[in-house]
Amino acid sequence: MGKLIKTSVFAAIGCAVLLVAGCLPNGLSVNAARPQPVFDGNAWVTYWDFEQGLKEAVKVQSQLNSVSYFAAVFDGNGKPMIMGHAHNFIGKKLVRYRAKINKYLTVVNDVYLDIHNPKGESIAKDTQVLLKLFQNEETIRAHIADLFDIVKKNRFDGLEIDYENLWKDPVVARNFMHFLEILVPMAEEEKIPLRIVLEPGFSEFETPIDLAENKFEFPEGPEYVVMCYNLFGTHSKLAGPKADIKFLDRMLVKTSQLPRPHSVALAVGGCVWQEGKAPYYVTENEAVQLAKTLKAEITRDDSSQALHYNGRNSSGKNVECWFADARTIIAWKRQALDYGVDGISLWRLGGNHKIEKYYPGIMKKQ
(Lines of atoms letter the chains of each structure in order from A and count residues from 1; the text may use other names and numbers.)
(Lines give C-alpha, C1' and ligand atoms only; values in the text may rest on other atoms or scores of the structure.)
Protein backbone atom coordinates (compact mmCIF):
# COMPACT_ATOMS: atom_id res chain seq x y z
CA MET A 1 0.00 0.00 0.00
CA GLY A 2 1.20 3.49 -0.76
CA LYS A 3 2.17 5.39 2.30
CA LEU A 4 -0.21 8.18 3.24
CA ILE A 5 1.50 11.48 3.62
CA LYS A 6 0.13 14.00 6.08
CA THR A 7 1.07 17.61 5.51
CA SER A 8 0.33 20.74 7.46
CA VAL A 9 0.17 23.93 5.47
CA PHE A 10 -0.42 27.55 6.39
CA ALA A 11 -2.29 29.98 4.18
CA ALA A 12 -2.42 33.74 4.68
CA ILE A 13 -5.83 35.20 3.80
CA GLY A 14 -6.06 38.80 4.96
CA CYS A 15 -4.97 38.75 8.59
CA ALA A 16 -6.20 35.22 9.31
CA VAL A 17 -3.91 32.22 9.52
CA LEU A 18 -5.72 28.96 8.89
CA LEU A 19 -4.18 25.58 9.66
CA VAL A 20 -5.25 22.88 7.25
CA ALA A 21 -4.25 19.25 7.74
CA GLY A 22 -5.34 16.05 6.08
CA CYS A 23 -4.48 13.02 3.99
CA LEU A 24 -4.52 12.41 0.29
CA PRO A 25 -5.98 9.26 -1.21
CA ASN A 26 -3.58 6.33 -1.53
CA GLY A 27 -1.16 6.77 -4.38
CA LEU A 28 -0.63 10.53 -4.10
CA SER A 29 2.15 12.47 -2.42
CA VAL A 30 3.53 15.98 -2.59
CA ASN A 31 6.68 17.94 -1.90
CA ALA A 32 6.87 20.38 0.99
CA ALA A 33 4.53 23.34 0.60
CA ARG A 34 5.92 26.71 -0.41
CA PRO A 35 4.34 29.97 0.81
CA GLN A 36 2.08 31.76 -1.66
CA PRO A 37 0.93 35.20 -0.51
CA VAL A 38 -0.87 36.24 -3.71
CA PHE A 39 -4.55 35.28 -3.93
CA ASP A 40 -5.62 34.45 -7.49
CA GLY A 41 -9.14 35.49 -8.42
CA ASN A 42 -9.75 33.92 -11.83
CA ALA A 43 -12.61 33.30 -14.26
CA TRP A 44 -12.97 31.61 -17.64
CA VAL A 45 -14.16 33.14 -20.88
CA THR A 46 -15.06 30.50 -23.49
CA TYR A 47 -14.72 30.77 -27.25
CA TRP A 48 -18.37 29.72 -27.82
CA ASP A 49 -19.76 32.45 -25.54
CA PHE A 50 -17.00 34.98 -26.07
CA GLU A 51 -18.98 38.22 -26.32
CA GLN A 52 -21.09 37.67 -23.20
CA GLY A 53 -18.16 36.23 -21.28
CA LEU A 54 -15.91 39.19 -22.04
CA LYS A 55 -18.65 41.66 -21.08
CA GLU A 56 -18.94 39.98 -17.69
CA ALA A 57 -15.14 39.98 -17.28
CA VAL A 58 -15.14 43.76 -17.74
CA LYS A 59 -17.85 44.15 -15.10
CA VAL A 60 -15.90 42.21 -12.45
CA GLN A 61 -12.32 43.01 -13.50
CA SER A 62 -11.61 44.72 -10.16
CA GLN A 63 -12.00 41.28 -8.51
CA LEU A 64 -9.80 39.34 -10.93
CA ASN A 65 -6.07 38.66 -10.99
CA SER A 66 -6.26 36.54 -14.12
CA VAL A 67 -8.67 35.47 -16.84
CA SER A 68 -8.41 32.20 -18.78
CA TYR A 69 -9.49 31.93 -22.40
CA PHE A 70 -10.92 28.43 -22.84
CA ALA A 71 -10.19 27.96 -26.52
CA ALA A 72 -7.21 25.74 -27.39
CA VAL A 73 -7.95 22.24 -28.71
CA PHE A 74 -6.22 19.72 -30.99
CA ASP A 75 -6.51 18.97 -34.67
CA GLY A 76 -6.50 15.43 -36.05
CA ASN A 77 -2.68 15.37 -35.98
CA GLY A 78 -2.42 16.31 -32.32
CA LYS A 79 -1.37 19.90 -32.97
CA PRO A 80 -2.85 22.60 -30.71
CA MET A 81 -5.03 25.26 -32.31
CA ILE A 82 -7.11 28.14 -30.98
CA MET A 83 -10.83 28.43 -31.57
CA GLY A 84 -12.62 31.76 -31.70
CA HIS A 85 -11.47 35.27 -30.96
CA ALA A 86 -7.97 35.08 -29.45
CA HIS A 87 -6.85 38.43 -30.89
CA ASN A 88 -9.96 40.19 -29.56
CA PHE A 89 -9.45 38.59 -26.16
CA ILE A 90 -5.81 39.64 -25.94
CA GLY A 91 -6.61 43.09 -27.29
CA LYS A 92 -9.19 43.83 -24.59
CA LYS A 93 -7.60 45.78 -21.75
CA LEU A 94 -8.48 44.37 -18.34
CA VAL A 95 -7.04 45.87 -15.16
CA ARG A 96 -7.45 45.32 -11.43
CA TYR A 97 -7.20 48.91 -10.29
CA ARG A 98 -3.79 49.77 -11.80
CA ALA A 99 -2.47 46.22 -11.94
CA LYS A 100 -2.51 44.18 -15.12
CA ILE A 101 -4.77 41.14 -15.24
CA ASN A 102 -2.87 38.13 -16.61
CA LYS A 103 -4.45 36.26 -19.50
CA TYR A 104 -4.02 32.49 -19.75
CA LEU A 105 -4.66 30.23 -22.71
CA THR A 106 -6.53 27.10 -21.64
CA VAL A 107 -5.69 23.92 -23.57
CA VAL A 108 -8.16 21.04 -23.34
CA ASN A 109 -7.82 17.56 -24.85
CA ASP A 110 -10.72 17.92 -27.28
CA VAL A 111 -9.93 16.81 -30.83
CA TYR A 112 -11.53 18.46 -33.88
CA LEU A 113 -11.13 16.29 -36.96
CA ASP A 114 -11.94 19.18 -39.32
CA ILE A 115 -10.41 22.45 -38.11
CA HIS A 116 -12.49 24.39 -40.63
CA ASN A 117 -15.75 23.04 -39.21
CA PRO A 118 -15.94 23.61 -35.43
CA LYS A 119 -19.47 22.18 -35.39
CA GLY A 120 -18.33 19.02 -37.15
CA GLU A 121 -17.04 15.74 -35.75
CA SER A 122 -15.04 16.05 -32.54
CA ILE A 123 -13.88 13.90 -29.64
CA ALA A 124 -14.25 15.45 -26.18
CA LYS A 125 -11.68 14.75 -23.46
CA ASP A 126 -9.79 12.38 -25.72
CA THR A 127 -7.09 10.38 -23.93
CA GLN A 128 -5.81 8.76 -27.12
CA VAL A 129 -4.35 12.04 -28.31
CA LEU A 130 -2.61 12.37 -24.93
CA LEU A 131 -1.12 8.88 -25.18
CA LYS A 132 0.23 9.84 -28.59
CA LEU A 133 1.71 13.11 -27.31
CA PHE A 134 3.13 11.48 -24.17
CA GLN A 135 4.77 8.46 -25.88
CA ASN A 136 8.28 9.37 -24.80
CA GLU A 137 10.40 12.33 -23.76
CA GLU A 138 10.95 13.38 -27.36
CA THR A 139 7.22 13.59 -28.15
CA ILE A 140 6.54 15.32 -24.83
CA ARG A 141 9.15 18.00 -25.51
CA ALA A 142 7.80 18.50 -29.02
CA HIS A 143 4.29 18.90 -27.59
CA ILE A 144 5.50 21.42 -25.02
CA ALA A 145 7.29 23.36 -27.75
CA ASP A 146 4.01 23.55 -29.69
CA LEU A 147 2.19 24.81 -26.59
CA PHE A 148 4.79 27.48 -25.86
CA ASP A 149 4.77 28.55 -29.49
CA ILE A 150 1.01 29.11 -29.59
CA VAL A 151 1.11 30.99 -26.27
CA LYS A 152 3.90 33.31 -27.42
CA LYS A 153 2.57 33.93 -30.93
CA ASN A 154 -0.82 34.95 -29.55
CA ARG A 155 0.73 37.04 -26.73
CA PHE A 156 -0.85 35.22 -23.79
CA ASP A 157 0.72 35.78 -20.37
CA GLY A 158 0.50 32.16 -19.29
CA LEU A 159 -0.53 28.59 -20.12
CA GLU A 160 -3.31 26.57 -18.49
CA ILE A 161 -3.47 22.79 -18.93
CA ASP A 162 -6.92 21.22 -18.62
CA TYR A 163 -6.42 17.60 -19.70
CA GLU A 164 -9.30 15.44 -18.49
CA ASN A 165 -10.33 11.78 -18.17
CA LEU A 166 -6.76 11.11 -17.00
CA TRP A 167 -7.54 9.24 -13.83
CA LYS A 168 -9.63 6.49 -15.40
CA ASP A 169 -6.44 4.86 -16.69
CA PRO A 170 -3.24 4.61 -14.59
CA VAL A 171 -1.13 4.52 -17.77
CA VAL A 172 -2.50 7.86 -18.96
CA ALA A 173 -2.10 9.29 -15.45
CA ARG A 174 1.54 8.17 -15.20
CA ASN A 175 2.32 9.66 -18.59
CA PHE A 176 0.62 12.91 -17.59
CA MET A 177 2.74 13.15 -14.45
CA HIS A 178 5.87 12.58 -16.54
CA PHE A 179 4.65 15.35 -18.83
CA LEU A 180 4.39 17.70 -15.82
CA GLU A 181 7.90 16.79 -14.69
CA ILE A 182 9.24 18.00 -18.03
CA LEU A 183 6.80 20.88 -18.54
CA VAL A 184 7.36 22.69 -15.25
CA PRO A 185 11.14 23.36 -15.53
CA MET A 186 10.77 24.23 -19.22
CA ALA A 187 8.05 26.76 -18.38
CA GLU A 188 10.16 28.26 -15.61
CA GLU A 189 13.07 28.64 -18.03
CA GLU A 190 10.80 30.36 -20.57
CA LYS A 191 9.15 32.43 -17.79
CA ILE A 192 5.68 31.18 -18.75
CA PRO A 193 3.32 30.98 -15.73
CA LEU A 194 1.41 27.69 -15.45
CA ARG A 195 -2.00 26.71 -14.15
CA ILE A 196 -2.80 22.99 -13.99
CA VAL A 197 -6.50 22.13 -13.75
CA LEU A 198 -7.29 18.85 -11.98
CA GLU A 199 -10.56 16.91 -12.12
CA PRO A 200 -12.44 16.13 -8.88
CA GLY A 201 -11.33 12.50 -9.10
CA PHE A 202 -7.61 13.19 -9.47
CA SER A 203 -5.52 10.36 -8.00
CA GLU A 204 -8.63 8.18 -7.53
CA PHE A 205 -8.53 5.28 -9.97
CA GLU A 206 -11.52 3.29 -11.17
CA THR A 207 -9.52 0.07 -11.57
CA PRO A 208 -7.22 -1.79 -9.13
CA ILE A 209 -3.61 -0.62 -9.46
CA ASP A 210 -0.20 -1.17 -7.96
CA LEU A 211 -0.07 1.76 -5.55
CA ALA A 212 3.69 1.53 -5.14
CA GLU A 213 4.09 2.00 -8.88
CA ASN A 214 1.51 4.77 -9.06
CA LYS A 215 2.57 7.02 -6.19
CA PHE A 216 2.34 10.44 -7.81
CA GLU A 217 4.23 13.51 -6.70
CA PHE A 218 3.08 16.79 -8.18
CA PRO A 219 5.99 19.12 -8.96
CA GLU A 220 6.14 22.54 -7.33
CA GLY A 221 5.84 25.62 -9.46
CA PRO A 222 2.42 25.78 -11.17
CA GLU A 223 -0.83 26.89 -9.62
CA TYR A 224 -2.95 23.75 -9.18
CA VAL A 225 -6.67 24.34 -9.69
CA VAL A 226 -9.08 21.65 -8.48
CA MET A 227 -12.51 21.44 -10.14
CA CYS A 228 -14.97 21.50 -7.24
CA TYR A 229 -18.02 20.67 -9.31
CA ASN A 230 -19.77 17.96 -11.35
CA LEU A 231 -21.15 16.14 -8.32
CA PHE A 232 -24.23 15.91 -10.53
CA GLY A 233 -24.39 16.80 -14.21
CA THR A 234 -24.75 15.42 -17.72
CA HIS A 235 -22.91 12.29 -16.58
CA SER A 236 -25.50 11.41 -13.90
CA LYS A 237 -28.95 9.91 -14.26
CA LEU A 238 -30.03 11.45 -10.97
CA ALA A 239 -30.60 15.18 -10.73
CA GLY A 240 -28.80 17.33 -8.18
CA PRO A 241 -26.47 20.29 -7.57
CA LYS A 242 -23.02 20.65 -9.09
CA ALA A 243 -21.64 20.70 -5.53
CA ASP A 244 -22.81 20.46 -1.93
CA ILE A 245 -21.22 20.93 1.49
CA LYS A 246 -19.90 17.37 1.88
CA PHE A 247 -18.54 17.23 -1.66
CA LEU A 248 -16.79 20.58 -1.26
CA ASP A 249 -15.25 19.51 2.05
CA ARG A 250 -13.83 16.39 0.41
CA MET A 251 -12.44 18.39 -2.52
CA LEU A 252 -10.97 21.06 -0.27
CA VAL A 253 -9.13 18.49 1.85
CA LYS A 254 -7.58 17.05 -1.33
CA THR A 255 -6.73 20.54 -2.55
CA SER A 256 -5.01 21.44 0.72
CA GLN A 257 -2.47 18.66 0.19
CA LEU A 258 -1.27 19.86 -3.21
CA PRO A 259 1.86 22.02 -3.56
CA ARG A 260 1.20 25.72 -3.22
CA PRO A 261 -0.23 27.72 -4.76
CA HIS A 262 -3.36 25.59 -4.85
CA SER A 263 -6.81 26.90 -5.66
CA VAL A 264 -10.31 25.73 -6.52
CA ALA A 265 -12.76 26.21 -9.36
CA LEU A 266 -16.48 26.67 -8.71
CA ALA A 267 -19.16 26.29 -11.38
CA VAL A 268 -22.02 28.67 -12.10
CA GLY A 269 -25.13 27.73 -14.05
CA GLY A 270 -26.72 24.33 -13.77
CA CYS A 271 -28.13 21.26 -15.46
CA VAL A 272 -31.53 20.13 -16.74
CA TRP A 273 -32.85 16.57 -16.60
CA GLN A 274 -35.80 16.03 -18.92
CA GLU A 275 -37.75 12.81 -19.28
CA GLY A 276 -36.79 11.04 -22.51
CA LYS A 277 -33.81 13.31 -23.25
CA ALA A 278 -30.14 13.46 -22.28
CA PRO A 279 -29.26 15.95 -19.51
CA TYR A 280 -27.87 19.28 -20.68
CA TYR A 281 -26.15 22.27 -19.09
CA VAL A 282 -27.74 25.71 -18.81
CA THR A 283 -26.62 29.14 -17.68
CA GLU A 284 -28.32 30.85 -14.76
CA ASN A 285 -30.33 33.03 -17.14
CA GLU A 286 -31.45 30.00 -19.14
CA ALA A 287 -32.45 28.15 -15.97
CA VAL A 288 -34.57 31.06 -14.77
CA GLN A 289 -36.23 31.44 -18.18
CA LEU A 290 -37.05 27.72 -18.28
CA ALA A 291 -38.68 27.96 -14.85
CA LYS A 292 -40.87 30.79 -16.14
CA THR A 293 -41.84 28.74 -19.19
CA LEU A 294 -42.76 25.75 -17.02
CA LYS A 295 -44.40 28.01 -14.42
CA ALA A 296 -42.34 26.12 -11.83
CA GLU A 297 -41.61 27.32 -8.30
CA ILE A 298 -37.89 27.75 -7.57
CA THR A 299 -36.69 26.66 -4.11
CA ARG A 300 -33.28 26.62 -2.41
CA ASP A 301 -31.64 23.42 -1.15
CA ASP A 302 -30.11 23.76 2.33
CA SER A 303 -27.35 21.17 1.84
CA SER A 304 -25.92 22.88 -1.24
CA GLN A 305 -27.46 26.37 -1.32
CA ALA A 306 -28.32 25.60 -4.96
CA LEU A 307 -31.68 26.42 -6.53
CA HIS A 308 -33.95 23.78 -8.08
CA TYR A 309 -37.42 23.22 -9.50
CA ASN A 310 -39.64 20.60 -11.15
CA GLY A 311 -42.23 21.01 -13.85
CA ARG A 312 -43.81 19.52 -16.95
CA ASN A 313 -43.27 20.76 -20.46
CA SER A 314 -45.92 21.17 -23.18
CA SER A 315 -45.60 17.46 -24.00
CA GLY A 316 -46.27 16.47 -20.41
CA LYS A 317 -42.68 15.32 -19.84
CA ASN A 318 -41.13 15.84 -16.41
CA VAL A 319 -38.36 18.43 -16.25
CA GLU A 320 -36.03 19.01 -13.28
CA CYS A 321 -33.37 21.70 -13.03
CA TRP A 322 -30.66 22.47 -10.47
CA PHE A 323 -28.56 25.62 -10.77
CA ALA A 324 -26.42 28.11 -8.88
CA ASP A 325 -27.01 31.82 -8.36
CA ALA A 326 -24.94 34.50 -6.62
CA ARG A 327 -26.01 33.33 -3.15
CA THR A 328 -24.93 29.77 -3.99
CA ILE A 329 -21.51 30.82 -5.25
CA ILE A 330 -20.86 33.12 -2.29
CA ALA A 331 -21.66 30.26 0.13
CA TRP A 332 -19.24 27.97 -1.73
CA LYS A 333 -16.58 30.68 -1.78
CA ARG A 334 -16.82 31.12 1.98
CA GLN A 335 -16.44 27.39 2.50
CA ALA A 336 -13.32 27.39 0.29
CA LEU A 337 -11.82 30.37 2.12
CA ASP A 338 -12.23 28.52 5.42
CA TYR A 339 -9.67 26.04 4.06
CA GLY A 340 -7.20 28.77 3.15
CA VAL A 341 -7.10 28.24 -0.60
CA ASP A 342 -4.76 30.44 -2.63
CA GLY A 343 -7.35 31.31 -5.24
CA ILE A 344 -10.89 30.81 -6.50
CA SER A 345 -11.73 30.44 -10.18
CA LEU A 346 -15.21 30.73 -11.65
CA TRP A 347 -16.40 28.43 -14.44
CA ARG A 348 -17.61 30.32 -16.37
CA LEU A 349 -18.46 33.90 -17.42
CA GLY A 350 -21.47 34.47 -19.68
CA GLY A 351 -25.19 33.99 -19.05
CA ASN A 352 -25.09 34.96 -15.36
CA HIS A 353 -27.71 37.26 -13.84
CA LYS A 354 -25.91 40.37 -12.56
CA ILE A 355 -22.44 38.84 -12.34
CA GLU A 356 -21.41 41.62 -9.92
CA LYS A 357 -23.50 39.92 -7.23
CA TYR A 358 -21.17 36.91 -7.39
CA TYR A 359 -18.42 39.11 -5.95
CA PRO A 360 -19.19 40.60 -2.49
CA GLY A 361 -16.19 42.93 -2.88
CA ILE A 362 -18.04 44.82 -5.60
CA MET A 363 -21.42 44.88 -3.87
CA LYS A 364 -19.98 46.36 -0.64
CA LYS A 365 -18.82 49.43 -2.56
CA GLN A 366 -22.26 50.19 -3.93
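Plus 10 on top of the position in the sequence shown (first one is 1) and you've got this note's numbering. We put the CB at the ideal spot given by N, CA and C, even for glycine. Just so you know, these numbers come straight off a predicted model, no measurement behind them.
Can you say whether residue i is buried or exposed, counting buried as having 16 or more other CB atoms within 10 angstroms of its CB?
i              : result
glycine 86     : exposed
tyrosine 57    : buried
glutamate 294  : buried
asparagine 146 : exposed
alanine 288    : exposed
serine 313     : exposed
glycine 326    : exposed
leucine 204    : buried
Within its chain, find whatever has a CB closer than 7 Å to the CB of residue i; leave out the 5 residues flanking it on each side and keep chain order.
i              : result
leucine 157    : Pro90, Val117, Leu169
methionine 93  : Tyr57, Ala81, Val83, Pro128
leucine 241    : Gly250, Pro251, Lys252, Ala253, Asp254, Phe257
isoleucine 372 : Val70, Ser72, Gln73, Glu366
glutamate 66   : Leu359, Gly360, Asn362, Ile365
Using the Cα positions of residue i and residue j, report the straight-line distance between them to the nearest angstrom.
i                 : j                 : result
proline 180       : alanine 306       : 45 Å
tryptophan 54     : leucine 64        : 9 Å
lysine 162        : leucine 248       : 44 Å
serine 76         : phenylalanine 226 : 28 Å
lysine 102        : threonine 137     : 34 Å
leucine 262       : arginine 151      : 32 Å
asparagine 175    : tyrosine 239      : 15 Å
proline 370       : isoleucine 340    : 8 Å
tryptophan 332    : isoleucine 202    : 38 Å
aspartate 335     : threonine 149     : 44 Å
leucine 74        : tyrosine 114      : 13 Å
phenylalanine 212 : glycine 286       : 32 Å
histidine 126     : valine 278        : 30 Å
leucine 190       : phenylalanine 228 : 8 Å
valine 139        : glutamine 71      : 35 Å
tyrosine 319      : histidine 245     : 19 Å
proline 210       : glutamate 199     : 30 Å
alanine 316       : threonine 338     : 5 Å
valine 194        : glutamine 299     : 45 Å
Using a Cβ-Cβ cut-off of 8 Å (strictly less than) and excluding sequence neighbours within five positions of residue i, which residues of its own chain qualify?
i            : result
serine 273   : Asp50, Asn52, Glu233, Tyr234, Val235, Val236, Thr265, Val351, Asp352, Gly353, Ile354, Ser355
arginine 322 : Leu304, Asn328, Val329
lysine 364   : Ala336
leucine 141  : Val181, Val182, Asn185
Going along the chain, which residues of its own chain have a beta-carbon closer than 6 Å to the beta-carbon of residue i, five neighbours each way excluded?
i                : result
leucine 165      : According to the sequence provided, residue 165 is arginine. The question's leucine does not apply to it. Result list for arginine 165: Ile100, in chain order.
phenylalanine 60 : Gly94, His95
valine 282       : Tyr290, Val292, Cys331
proline 45       : Note on proline 45: pLDDT 44, under 50, position unreliable in the model; no value is reported.
**Report entry** Complete beta strand (DSSP E) runs within the region 181–244 (minimum length 3 residues, chain order)
**Finding:** Segments of the beta strand (DSSP E) lying fully in the region 181–244: 204–208, 226–228, 233–237.
Query - Completely contained alpha helix (DSSP H) runs for the region 80–164, where each covers 4 or more residues - result: Listed in chain order, they are 96–101, 137–143, 147–163.
Query raised in the report: In the region 310–336, which residue ranges form an unbroken alpha helix (DSSP H) of at least 4 residues, counting only runs that do not cross its ends?
Result: DSSP assignment within the region 310–336 yields no whole alpha helix (DSSP H) run of 4 residues or more.
Query raised in the report: Which parts of the region 250–298 are runs of the alpha helix (DSSP H), unbroken and 4 residues or longer, counting only runs that do not cross its ends?
Result: Given a length threshold of 4 residues, each whole run of the alpha helix (DSSP H) inside the region 250–298 is given here in chain order: 255–266.
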